[in-house]
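**Student:** So in this note's numbering, the last spot in the sequence shown is 494, and the numbers never skip.
In this text, a Cβ means the ideal position worked out from N, Cα and C, and glycines have one as well.
Structure in structure tokens, see below.
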Amino acid sequence: MSDEHQPTTPPEKHGPARNLDAHRARYAQRTAGMTASEVRALFAVANRPEVVSLAGGMPNLAALPLDSLAGEVASLIAQDGQGALQYGSAHGVPELREQICDVMAMEGISAHPDDVMVTVGSQMALDMVTRIFCDPGDVVLAEGPSYVGALGSFSAYQAEVVHVAMDDDGLQPEALREAIGNVTARGGRIKFLYTIPNFHNPGGVTMALNRRAEVLEICAQHGILVVEDNPYGLLGFDGQVYPPLRSLDADNVVYLGSFSKTFASGLRVGWVLAPHAVREKLVLAAESATLCPPTLNQMIVSRYLTTHDWKGQIKAFREQYRERRDAMLSALEQHMPEGCTWNTPDGGFFVWVTVPEGIDTKAMLPRAVTQRVAYASGTGFYTDGFGSRQMRLSFCYPTPERIREGVRRLANTLTEEREL
Ligand code: PMP
Numbered sequence: 075m076s077d078e079h080q081p082t083t084p085p086e087k088h089g090p091a092r093n094l095d096a097h098r099a100r101y102a103q104r105t106a107g108m109t110a111s112e113v114r115a116l117f118a119v120a121n122r123p124e125v126v127s128l129a130g131g132m133p134n135l136a137a138l139p140l141d142s143l144a145g146e147v148a149s150l151i152a153q154d155g156q157g158a159l160q161y162g163s164a165h166g167v168p169e170l171r172e173q174i175c176d177v178m179a180m181e182g183i184s185a186h187p188d189d190v191m192v193t194v195g196s197q198m199a200l201d202m203v204t205r206i207f208c209d210p211g212d213v214v215l216a217e218g219p220s221y222v223g224a225l226g227s228f229s230a231y232q233a234e235v236v237h238v239a240m241d242d243d244g245l246q247p248e249a250l251r252e253a254i255g256n257v258t259a260r261g262g263r264i265k266f267l268y269t270i271p272n273f274h275n276p277g278g279v280t281m282a283l284n285r286r287a288e289v290l291e292i293c294a295q296h297g298i299l300v301v302e303d304n305p306y307g308l309l310g311f312d313g314q315v316y317p318p319l320r321s322l323d324a325d326n327v328v329y330l331g332s333f334s335k336t337f338a339s340g341l342r343v344g345w346v347l348a349p350h351a352v353r354e355k356l357v358l359a360a361e362s363a364t365l366c367p368p369t370l371n372q373m374i375v376s377r378y379l380t381t382h383d384w385k386g387q388i389k390a391f392r393e394q395y396r397e398r399r400d401a402m403l404s405a406l407e408q409h410m411p412e413g414c415t416w417n418t419p420d421g422g423f424f425v426w427v428t429v430p431e432g433i434d435t436k437a438m439l440p441r442a443v444t445q446r447v448a449y450a451s452g453t454g455f456y457t458d459g460f461g462s463r464q465m466r467l468s469f470c471y472p473t474p475e476r477i478r479e480g481v482r483r484l485a486n487t488l489t490e491e492r493e494l
């Protein structure tokens, strides 16, 4: 399980039973890479109301028009219940695939609905893409740090992740060239570059526009596919929309989108847009995984896009998140001890913080939780042990007031930790 979201399931109560697992000799080798989240054991405590959690990446759905949505869902079932509750195709509901093309058009992507496959969140798309491309030992290039759920998919298929450094302008083209050179020199097979160009999770940064063409060019030169994950692309705080890599290169980019951050994460509706032949393989893979994504949920999204001002709703989300980002940045400025640095995200959910040398964010976490604040420690976002001086703070879910209080508690914990 990733530490991305705050799960409602409590951690296992019977810890020692794992060692007594009568099935342990049977598991496939790939399960060795399926490890529990670093903070899982702390979840029960971190989820207590007195703890301010800056750890999870849960969207704040308070702004959704629940009453009118309830009416739409009821009328959907009354009018077309047999269709909505029936199996569908693994490819996804055709009308929704057309609407997804309209959503992507807002970012300058021109696509055909045939090349879109609906998925159970973009998490499933990550799994499907890795499933069709990666054999054990294949290399996936990914920014360092990278999305913990993607790293989980890569490791489930026994792919090796090689991180590529970022700076305030996102992925560094020079570091990409170097990583490709190093992996090729040792005979490694690179299958794709996984990148989150906009409002990175967890890095908070956005890839500079001039780097986008360069990254695409480097990958094309070396025959490396680009997998672009863009769940936050429409959540730029000033309404700015950066051109996705897919809008610059339709042939060598597989694009992942999601309604989780722009509508409702619990419906689990996302999509993948891929060159035609790749999309065909993805549909075959998806059939064996789920038969089809939930028809009802797809139809709810489709109905919502038809009947609601979804662009206005995204604007409302953006404004809400901007207010929270501002609360977090001003609290960091006010409270954090000397030597801490962080970035200023202009969209998305996350601030990436570096703490002074000598402090290990993973080791400090239990103490932070006793001080009633939780965060995601940096090491979970790397596969190579890096990140012990980093942490990800999410500003998406708590209110501005709680964010300020959480940062104050975190700053106290850091100050005490330094004095230990
Ligand atoms: N990619 C990134 C970068 C994410 O941050 C998330 C959610 N935290 C996902 C993919 C998965 O999103 P979902 O499956 O809800 O669409």
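In terms of residues, what are the limits of the alpha helix (DSSP H) holding Ala-360?
**Tutor:** What you label residue 360 is simply residue 286 of the sequence shown in a count that begins at 1. Note, Ala-360: alpha helix (DSSP H), 350–364.
**Student:** Under 7 angstroms, do Ala-448 and Ala-120 count as touching if we go by C-beta distance?
**Tutor:** Taking the sequence shown and counting its residues from 1, one reaches residue 448 at position 374. Taking the sequence shown and counting its residues from 1, one reaches residue 120 at position 46. Taking 7 angstroms as the Cβ cut-off, Ala-448 and Ala-120 qualify as a contacting pair.
**Student:** Going residue by residue through the region 163–218, where are the continuous alpha helix (DSSP H) segments of at least 4 residues, counting only ones entirely within it?
**Tutor:** Runs found: 168–179, 195–207.
**Student:** Could you tell me the distance, in whole angstroms, from the CA atom of Gly-480 to the CA atom of Arg-492?
**Tutor:** Translated into positions along the sequence shown, residue 480 becomes position 406. Translated into positions along the sequence shown, residue 492 becomes position 418. Roughly 18 angstroms separates the two Cα atoms.
**Student:** Cβ of Ser-339 within 7 angstroms of Cβ of Pro-305?
**Tutor:** Your numbering for residue 339 matches position 265 in the sequence shown. Your numbering for residue 305 matches position 231 in the sequence shown. Not closer than 7 angstroms, so no.
**Student:** Alpha carbons only, please: which of Gly-344, Leu-159, Leu-215 is nearest the one belonging to Ile-292?
**Tutor:** Counting from one through the sequence shown, the residue named residue 292 turns up at place 218. For Ile-292, the nearest C-alpha among the options comes from Leu-215.
**Student:** Does DSSP put Met-240 in a helix, a strand or coil?
**Tutor:** Here residue 240 refers to the residue found at position 166 when the sequence shown is read from its first residue. Three-state DSSP puts Met-240 in a strand.
**Student:** Return the chain-ordered list of same chain residues with a C-beta closer than 7 angstroms to the C-beta of Ser-163, the five sequence neighbours on each side being excluded.
**Tutor:** Start at 1 with the first residue of the sequence shown, and residue 163 comes out as number 89. Closer than 7 angstroms at the Cβ level, and outside the excluded window around Ser-163, lie Cys-366.
**Student:** Look up Glu-124 in the DSSP assignment and say whether it is helix, strand or coil.
**Tutor:** Here residue 124 is taken as the residue at index 50 of the sequence shown, counted from 1. Glu-124: coil per DSSP, three-state reduction.
**Student:** Whole angstroms is fine: what's the gap from Ala-224's alpha carbon to Gly-297's?
**Tutor:** Within the sequence shown, numbered from 1, the residue matching residue 224 stands at position 150. Within the sequence shown, numbered from 1, the residue matching residue 297 stands at position 223. Roughly 22 angstroms separates the two Cα atoms.
**Student:** Please go through the same chain and pick out, in chain order, the residues whose beta-carbon is closer than 7 angstroms to the beta-carbon of Ser-76, but skip the five residues on each side of it.
**Tutor:** Here residue 76 is taken as the residue at index 2 of the sequence shown, counted from 1. At Ser-76 the pLDDT is 47, less than 50, meaning the model places this residue with poor confidence; the figure from the coordinates comes in the next sentence. Closer than 7 angstroms at Cβ, skipping near neighbours: Ser-111, Val-222, Gly-223, Gly-226.
**Student:** Sort Ile-477, Glu-490, Leu-488, Ala-485 by Cα distance to Ser-127 and report the nearest one.
**Tutor:** To locate residue 127, count along the sequence shown from 1; it is residue 53. When each option's Cα is compared against that of Ser-127, the closest is Ile-477.
**Student:** Between Gln-372 and the ligand PMP, is the CB less than 6 angstroms from at least one heavy atom?
**Tutor:** One-based indexing of the sequence shown puts residue 372 at position 298. False, no ligand heavy atom lies under 6 angstroms from that Cβ.
**Student:** Hey, how far is the Cα of Val-203 from the Cα of Glu-412?
**Tutor:** In the sequence shown, counting from the first residue as 1, residue 203 sits at position 129. In the sequence shown, counting from the first residue as 1, residue 412 sits at position 338. Whole-angstrom Cα-Cα distance: 43 angstroms.
**Student:** What residues in its chain sit with their C-beta under 7 angstroms from that of Val-375, if we drop five residues either side in the sequence?
**Tutor:** Here residue 375 is taken as the residue at index 301 of the sequence shown, counted from 1. The residues are Leu-170, Phe-333, Phe-337, Leu-341, Val-343.
**Student:** Beta carbon of Ser-339: closer than 6 angstroms to some heavy atom of the ligand PMP?
**Tutor:** Counting from one through the sequence shown, the residue named residue 339 turns up at place 265. Yes, Cβ of Ser-339 sits closer than 6 angstroms to a heavy atom of the ligand PMP.
**Student:** How long is the line joining the alpha carbons of Arg-353 and Pro-318, rounded to whole angstroms?
**Tutor:** Here residue 353 corresponds to residue number 279 of the sequence shown, with the count starting at 1. Here residue 318 corresponds to residue number 244 of the sequence shown, with the count starting at 1. Roughly 19 angstroms between the two C-alpha positions.
**Student:** Since Lys-265 contacts Val-213 with CB under 8 angstroms, what's their CB separation in whole angstroms?
**Tutor:** Position 191 of the sequence shown holds residue 265. Position 139 of the sequence shown holds residue 213. About 7 angstroms; that satisfies the 8 angstroms criterion.
**Student:** Within a Cβ cutoff of 8 angstroms, which residues of the same chain sit near Pro-187, ignoring the five residues on either side of it in sequence?
**Tutor:** In the sequence shown, the residue the question calls residue 187 occupies position 113. Cβ neighbours of Pro-187 beyond the five flanking positions: Pro-168, Arg-171, Glu-172, Ile-174, Cys-175.
**Student:** When you compare the CB positions of Met-191 and His-165, do they come within less than 7 angstroms of one another, or not?
**Tutor:** The count along the sequence shown starts at 1 and reaches residue 191 at position 117. The count along the sequence shown starts at 1 and reaches residue 165 at position 91. Cβ distance < 7 angstroms, so Met-191 and His-165 count as in contact.
**Student:** If Met-373 sits next to Val-429, beta carbons under 8 angstroms apart, how far is it from one beta carbon to the other, in whole angstroms?
**Tutor:** Locating residue 373 in the sequence shown gives position 299, where the first residue counts as 1. Locating residue 429 in the sequence shown gives position 355, where the first residue counts as 1. Between Val-429 and Met-373 the Cβ distance is about 47 angstroms, and since that is not below 8 angstroms, they are no contact.
**Student:** How would you label Arg-22, buried or exposed, when you count the other beta carbons within 10 angstroms and need 16 or more for buried?
**Tutor:** Outside the modelled stretch of the chain, which goes from 75 to 494, sits residue 22, for which no answer is possible.
**Student:** Are Phe-423 and Gly-131 closer than 7 angstroms when you measure CB to CB?
**Tutor:** Against the sequence shown, residue 423 aligns to sequence position 349. Against the sequence shown, residue 131 aligns to sequence position 57. Cβ atoms of Phe-423 and Gly-131: closer than 7 angstroms.
**Student:** Would you give the residue range spanned by the beta strand (DSSP E) that Asp-303 belongs to?
**Tutor:** As a working note, residue 303 is residue 229 in the sequence shown. Asp-303 -> beta strand (DSSP E) spans 299–303.
**Student:** Identify, in the order they occur along the chain, each residue of the same chain with its Cβ nearer than 7 angstroms to the Cβ of Ile-151, setting aside the five sequence neighbours on each side.
**Tutor:** Counting from 1 along the sequence shown, the entry for residue 151 is found at position 77. Cβ within range, chain order: Ala-158.
**Student:** Below 6 angstroms, is the gap between the Cβ of Asp-189 and the nearest heavy atom of the ligand NAP?
**Tutor:** You won't find the ligand NAP in this model; what it holds is the ligand PMP.
**Student:** Is Ser-332 near the ligand PMP, judged by its Cβ being under 6 angstroms from some heavy atom?
**Tutor:** As a working mapping, residue 332 is identified with position 258 in the sequence shown. Yes; taking the cut-off as 6 angstroms, the Cβ of Ser-332 has a heavy atom of the ligand PMP nearer than that.
**Student:** According to DSSP, simplified to helix, strand and coil, what is Phe-337?
**Tutor:** Here the question's residue 337 lines up with position 263 in the sequence shown. Correct three-state label for Phe-337: helix.
**Student:** Between which two residues does the beta strand (DSSP E) harbouring Thr-269 extend?
**Tutor:** For the purposes of this step, residue 269 is taken as the residue at position 195 of the sequence shown. It spans 264–269 - the beta strand (DSSP E) in which Thr-269 sits, taken as one unbroken run.
**Student:** Go ahead and pull the three-state DSSP assignment for Met-75.
**Tutor:** For the purposes of this step, residue 75 is taken as the residue at position 1 of the sequence shown. Because Met-75 carries a pLDDT of 38, less than 50, the predicted location of this residue cannot be relied on, and the following value inherits that uncertainty. Looking at Met-75 - three-state DSSP - the assignment turns out to be coil, as it is neither helix nor strand.
**Student:** Among residues of its own chain, excluding the 5 on either side of Val-194, which ones have a beta-carbon nearer than 8 angstroms to its beta-carbon?
**Tutor:** Locating residue 194 in the sequence shown gives position 120, where the first residue counts as 1. These residues qualify, in order along the chain: Arg-342, Val-343, Gly-344, Thr-364, Pro-367, Pro-368.
**Student:** Closer than 6 angstroms: is that where the CB of Asn-275 sits relative to any heavy atom of the ligand PMP?
**Tutor:** Reading the sequence shown from its first residue, position 201 is the one you call residue 275. Yes - the ligand PMP has a heavy atom lying nearer than 6 angstroms to the Cβ of Asn-275.
**Student:** Roughly how many angstroms lie between the CA atoms of Leu-439 and Gln-408, to the nearest whole one?
**Tutor:** In the sequence shown, the residue the question calls residue 439 occupies position 365. In the sequence shown, the residue the question calls residue 408 occupies position 334. Spanning the two alpha carbons is a distance of roughly 21 angstroms.
**Student:** Tell me, to the nearest whole angstrom, how far the beta carbon of Asp-312 is from that of Asp-420; I am working on the premise that it is less than 8 angstroms.
**Tutor:** For the purposes of this step, residue 312 is taken as the residue at position 238 of the sequence shown. For the purposes of this step, residue 420 is taken as the residue at position 346 of the sequence shown. That belief holds up - the Cβ atoms of Asp-312 and Asp-420 are roughly 7 angstroms apart, short of 8 angstroms.
**Student:** Does the Cβ-Cβ distance between Ile-183 and Arg-392 come in under 7 angstroms?
**Tutor:** Translated into the one-based positions of the sequence shown, residue 183 becomes position 109. Translated into the one-based positions of the sequence shown, residue 392 becomes position 318. No.
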